[in-house]
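As numbered in the numbering used here, residues 78 to 166 make up the sequence shown, in order.
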Amino acid sequence: MSSNYDKDNLIRRLKRIEGQVRGLQKMLEEERRCADILTQLSAVKGALNKTAEEIMKGYTKSCILEYEESGNEKMLDELIQVLSKFREI
């Protein structure tokens with residue numbers, strides 16, 4: 078990874094997401110309403126997407142800067158490949 082992201086912030090986000098997932102497990106165990114579970118699932122999905130977006134921004138900047146310095150087109154190819162996978166998520 079690159080230094081073009083706030084590692085501590087991302088770790089905090091992932092810990093919050095972890096707590097949300099545990100909450101989902103508890104909701105299922107307690108047989109909570111499907112609407113409540115689906116709402117929580119939507120929140121988790123949004124949080125994961127936002128986290129992935131932050132990492133992708135840093136990665137993209139890193140690849141572009143490295144390409145500008147080295148001219149190595151493999152960096153751009155790798156970036157395109159990762160972006161393609163990210164789009165599928």
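Don't be surprised by glycine CBs; every beta carbon is placed ideally from N, CA and C. No experiment lies behind these values; they were computed from the predicted model shown.
Helix, strand or coil: how does DSSP classify N149 here?
coil
For Y144, which residues in the same chain have their Cβ closer than 6 Å to its Cβ, ignoring the five residues on either side in sequence?
M152 and L153
Thinking C-alpha only, which one of C111, I132, Q117 and G123 is nearest D85?
I132
Taking the alpha-carbon of G135 as reference, which of G123, L160, E146 and L115 has the nearest alpha-carbon?
L160
Can you tell me whether C111 is buried or exposed, with buried defined as 16 or more other CB within 10 angstroms of its CB?
exposed
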